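Enquirer:
Protein chains: 2
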Amino acid sequence: MSGRISDSTVRRLSLYLRMLRDLERAGVEFVSSSQLAEPSGATSAQVRKDLSHFGSFGKRGRGYSVDGLVRALEEILGLSRSWRLALVGVGKIGSALLGYGGLAARGFDVVAAFDVDEAKIGTRAHGLRIRPMRELRPAIAECGAEIGVVATPTEVAAEVAAELERAGVGAILNFAPIELSEVNGVPIRTVDIVLELEGLSYLMSEAGRRTGSDG
Amino acid sequence: MSGRISDSTVRRLSLYLRMLRDLERAGVEFVSSSQLAEPSGATSAQVRKDLSHFGSFGKRGRGYSVDGLVRALEEILGLSRSWRLALVGVGKIGSALLGYGGLAARGFDVVAAFDVDEAKIGTRAHGLRIRPMRELRPAIAECGAEIGVVATPTEVAAEVAAELERAGVGAILNFAPIELSEVNGVPIRTVDIVLELEGLSYLMSEAGRRTGSDG
DNA sequence: CCGCCCTTGTGAAAGGTTTCACAAACCAAG
DNA sequence: CTTGGTTTGTGAAACCTTTCACAAGGGCGG
Numbered sequence: 007m008s009g010r011i012s013d014s015t016v017r018r019l020s021l022y023l024r025m026l027r028d029l030e031r032a033g034v035e036f037v038s039s040s041q042l043a044e045p046s047g048a049t050s051a052q053v054r055k056d057l058s059h060f061g062s063f064g065k066r067g068r069g070y071s072v073d074g075l076v077r078a079l080e081e082i083l084g085l086s087r088s089w090r091l092a093l094v095g096v097g098k099i100g101s102a103l104l105g106y107g108g109l110a111a112r113g114f115d116v117v118a119a120f121d122v123d124e125a126k127i128g129t130r131a132h133g134l135r136i137r138p139m140r141e142l143r144p145a146i147a148e149c150g151a152e153i154g155v156v157a158t159p160t161e162v163a164a165e166v167a168a169e170l171e172r173a174g175v176g177a178i179l180n181f182a183p184i185e186l187s188e189v190n191g192v193p194i195r196t197v198d199i200v201l202e203l204e205g206l207s208y209l210m211s212e213a214g215r216r217t218g219s220d221g
Numbered sequence: 007m008s009g010r011i012s013d014s015t016v017r018r019l020s021l022y023l024r025m026l027r028d029l030e031r032a033g034v035e036f037v038s039s040s041q042l043a044e045p046s047g048a049t050s051a052q053v054r055k056d057l058s059h060f061g062s063f064g065k066r067g068r069g070y071s072v073d074g075l076v077r078a079l080e081e082i083l084g085l086s087r088s089w090r091l092a093l094v095g096v097g098k099i100g101s102a103l104l105g106y107g108g109l110a111a112r113g114f115d116v117v118a119a120f121d122v123d124e125a126k127i128g129t130r131a132h133g134l135r136i137r138p139m140r141e142l143r144p145a146i147a148e149c150g151a152e153i154g155v156v157a158t159p160t161e162v163a164a165e166v167a168a169e170l171e172r173a174g175v176g177a178i179l180n181f182a183p184i185e186l187s188e189v190n191g192v193p194i195r196t197v198d199i200v201l202e203l204e205g206l207s208y209l210m211s212e213a214g215r216r217t218g219s220d221g
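Respectively, the protein sequence lines represent chains A and B.
Here the first sequence stands for residues 7 to 221, numbered as in the working numbering.
Here the second sequence stands for residues 7 to 221, numbered as in the working numbering.
#1: May I ask you to report which of helix, strand or coil DSSP gives A:R99?
#2: For the alpha helix (DSSP H) containing A:N22, name the first residue and the last one.
#3: If you draw a straight line from the alpha carbon of A:Y106 to that of B:K98, how long is it in whole angstroms?
#4: When the distance is taken between beta carbons, is B:I136 closer than 7 Å to B:V96?
#5: Kindly indicate which residue of A:L104, A:M7, A:R90 has the alpha-carbon position closest to the one of A:F60.
#6: How many angstroms separate the CA atom of B:F36 from the CA atom of A:A168?
#7: I'd like to confirm the pairing. Which residues does DSSP put opposite B:S71 in its beta bridges?
#8: By a C-beta neighbour count over all protein chains shown, 10 Å radius and 16 as the cutoff for buried, is A:P144 buried or exposed?
#9: Hey, which unbroken runs of the alpha helix (DSSP H) at 4 residues or more fall wholly within the stretch 194-219 of chain B?
#10: Determine the extent of the beta strand (DSSP E) in which A:A121 is found, giving its start and end residues.
#11: Residues in the same chain with beta-carbon distance under 6 Å from A:L26, minus the five sequence neighbours each way, listed in chain order, please.
#12: Quick one: which residues of the stretch 151-177 of chain B get their C-beta closer than 7 Å to a C-beta of chain A? List them in chain order.
#13: Which residues, in chain order, does the stretch 117-129 of chain B contribute to contact with chain A at a C-beta distance below 9 Å?
#14: Do B:L93 and B:V155 count as a contact pair if the criterion is CB distance below 7 Å?
#15: The alpha helix (DSSP H) that contains A:I146, what's its start and end?
#16: Does the stretch 188-206 of chain B touch the stretch 199-210 of chain A, meaning 3 or more C-beta pairs lie closer than 8 Å?
#17: Report the option in A:G33, A:A102, A:L19, A:R87 whose CA atom is closest to the CA atom of A:K55.
#18: For chain B, find out if any of its Cβ atoms is closer than 7 Å to the Cβ of A:K65; answer yes or no.
#19: Express the C-alpha separation of B:S14 and B:R216 in angstroms, rounding to a whole number.
#20: Can you check DSSP and say which residues form a bridge with A:K65?
#21: What residues are listed by DSSP as bridge partners for B:R77?
#22: Check whether the Cβ atoms of B:F114 and B:W89 sit closer than 7 Å, and answer yes or no.
#23: Evaluate B:E141 with the Cβ neighbour count: other Cβ atoms within 10 Å of its Cβ, from every protein chain shown; 16 or more gives buried, anything less gives exposed.
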């Protein structure tokens with residue numbers, strides 16, 4: 007067991023956990039790998055393999071205890087605690103994030119927000135005072151935010167990410183359409199909507215080319 | 007050449023195209039696979055392999071013509087035209103999308119917006135009239151939107167996706183934290199922010215466990 | 001035209017992920 | 001206790017993606 011775990015495995019673990027929480031709320035006690043597989047589009051073997059990287063959680067002939075597996079996955083994914091986010095850039099996307107209750111509900115609290123726009127600085131957005139960029143480092147040190155969120159224009163995204171890393175965050179979530187490179191082992195995930203749309207564009211064009219030429 | 011192209015290849019092609027457009031704007035005429043590889047974190051061999059699935063675009067000893075490769079990739083990815091999006095759900099995320107100029111700038115125009123909230127219906131958001139759900143099918147037929155965007159609460163996301171599919175869209179972009187299953191060959195991409203954050207949470211916890219126990 | 005240097009395009013090798021298939025284990029009923 | 005039905009955990013096989021390494025081709029200076 008153990009070793010290096012792939013992104014796709016971790017991704018699926020999150021999906022399993024979601025379903026398990028639903029089952030827990032519904033009062034279900036045991037669940038099988040095939041039931042667990044369904045909503046994430048995985049196979050039962052994949053569920054078992056994914057879990058087996060971390061230990062042995064099931065009972066043969068019976069399945070997995072819902073409660074037990076919820077706790078185990080929360081522990082594995084680091085979700086038995088909550089995380090603090092520092093948001094840089096309170097524009098369209100930044101504001102949407104601040105107003106999105108789904109984050110806090112799942113243990114991700116935005117505890118600080120920064121912007122360069124003098125008109126925004128000092129005002130409050132969803133109960134949070136917007137601070138100038140110059141306060142980024144001391145504020146993050148003070149509030150202990152672990153995750154930095156980059157919601158700035160593309161041009162400054164790399165610079166902001168570097169500044170967040172120097173301020174001591176342990177991970178970065180980036181919304182700018184640019185591939186930021188990990189430094190000092192600080193992992194970065196990029197949410198790139200245009201990239202997703204272009205992926206769909208490819209698939210639709212491809213479908214058109216196929217039906218168009220082959221009949 | 008050709009065959010089934012992986013998502014990761016298509017993803018990289020988009021990144022190459024981005025860089026190529028920057029180079030084109032800067033007046034550069036030729037580019038090598040290694041230069042092209044750098045910003046997307048790929049290797050030069052990967053760039054060449056990715057492109058080789060679609061044809062032979064380079065000149066040995068010289069590299070790729072920037073203009074030529076821009077046109078070729080636009081053609082491959084279906085980006086030599088523009089696409090029309092129909093947005094369902096004008097809440098936090100939906101509004102942010104409507105206000106985000108980056109979409110239209112890259113050829114993705116939101117041409118229709120729908121919501122269930124009586125208070126929103128009939129009002130305008132960023133120049134677009136918000137329509138009731140009951141108009142979804144005729145409106146999409148009329149305006150010819152190819153891509154449906156689901157920005158609704160999780161509970162209704164699956165139903166909305168099915169309705170979009172019936173209305174005739176060719177692809178769906180989903181922002182609800184739920185794995186929607188493709189039906190009738192209509193591809194679906196999900197942008198799931200919580201999933202990304204949980205992935206970062208895993209990596210940070212993992213890092214902590216390593217340094218915590220091994221020294 | 002020749003020779004040198006450079007870069008592509010591509011089989012083959014390596015590396016990684018998913019699926020298969022089955023022994024081992026567990027529960028329940030008799 | 002034994003038998004039968006069920007489901008896990010896991011090596012092995014199949015599949016897919018990335019990297020390697022090099023022959024083939026192109027440009028340029030002389």
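Ideal Cβ placement from N, Cα and C applies to all residues, glycine included.
Note that the structure is a prediction, hence the values are computed from the model and not measured.
Expert: Looking at the coordinates:
#1: The residue given as residue 99 of chain A occupies position 93 in the first sequence. Checking the sequence shown, residue 99 of chain A turns out to be Ile, not Arg. Residue state, collapsed to three classes: helix.
#2: Reading the first sequence from its first residue, position 16 is the one you call residue 22 of chain A. Note that residue 22 of chain A is Tyr in the sequence shown, not Asn. From DSSP, the alpha helix (DSSP H) with A:Y22 extends over 13-31.
#3: For this step, residue 106 of chain A is matched to residue 100 along the first sequence. For this step, residue 98 of chain B is matched to residue 92 along the second sequence. About 7 Å.
#4: Within the second sequence, the letter at position 90 stands for residue 96 of chain B. Within the second sequence, the letter at position 130 stands for residue 136 of chain B. The answer is yes: Cβ separation under 7 Å.
#5: In the first sequence, counting from the first residue as 1, residue 60 of chain A sits at position 54. That would be A:M7, whose Cα lies nearest to the Cα of A:F60.
#6: Taking the first residue of the second sequence as 1, we reach residue 36 of chain B at position 30. Taking the first residue of the first sequence as 1, we reach residue 168 of chain A at position 162. Cα to Cα, B:F36 sits roughly 31 Å from A:A168.
#7: As a working note, residue 71 of chain B is residue 65 in the second sequence. Partner(s): B:F36.
#8: Locating residue 144 of chain A in the first sequence gives position 138, where the first residue counts as 1. It is exposed - the Cβ of A:P144 has fewer than 16 other Cβ atoms within 10 Å.
#9: none
#10: For the purposes of this step, residue 121 of chain A is identified with residue 115 of the first sequence, where counting begins at 1. Strictly speaking, residue 121 of chain A in this sequence is Asp, with Ala absent from that position. Looking at the DSSP string, the run of the beta strand (DSSP E) that includes A:D121 is 114-121.
#11: For this step, residue 26 of chain A is matched to residue 20 along the first sequence. Taken in chain order, the residues that qualify are V72, L75, V76.
#12: E152, I153, G176, A177
#13: none
#14: Against the second sequence, residue 155 of chain B aligns to sequence position 149. Against the second sequence, residue 93 of chain B aligns to sequence position 87. It is a contact, given that the beta carbons lie within the stated cut-off.
#15: Against the first sequence, residue 146 of chain A aligns to sequence position 140. Segment 142-149, the alpha helix (DSSP H) holding A:I146.
#16: yes
#17: Counting from one through the first sequence, the residue named residue 55 of chain A turns up at place 49. For the residues A:G33, A:A102, A:L19, A:R87, the minimum Cα distance to A:K55 belongs to A:L19.
#18: Here residue 65 of chain A refers to the residue found at position 59 of the first sequence. Closer than 7 Å: no.
#19: Stepping through the second sequence from its first residue, residue 216 of chain B is reached at position 210. Stepping through the second sequence from its first residue, residue 14 of chain B is reached at position 8. Straight-line Cα distance between these residues: approximately 30 Å.
#20: Taking the first sequence and counting its residues from 1, one reaches residue 65 of chain A at position 59. A:G69.
#21: As a working mapping, residue 77 of chain B is identified with position 71 in the second sequence. Per DSSP, none; premise fails for B:R77.
#22: In the second sequence, the residue the question calls residue 114 of chain B occupies position 108. In the second sequence, the residue the question calls residue 89 of chain B occupies position 83. Yes, the Cβ-Cβ distance between B:F114 and B:W89 is below 7 Å.
#23: Along the second sequence, read from residue 1 onward, the residue named residue 141 of chain B stands at position 135. Answer is exposed; the Cβ neighbour count stays below 16.
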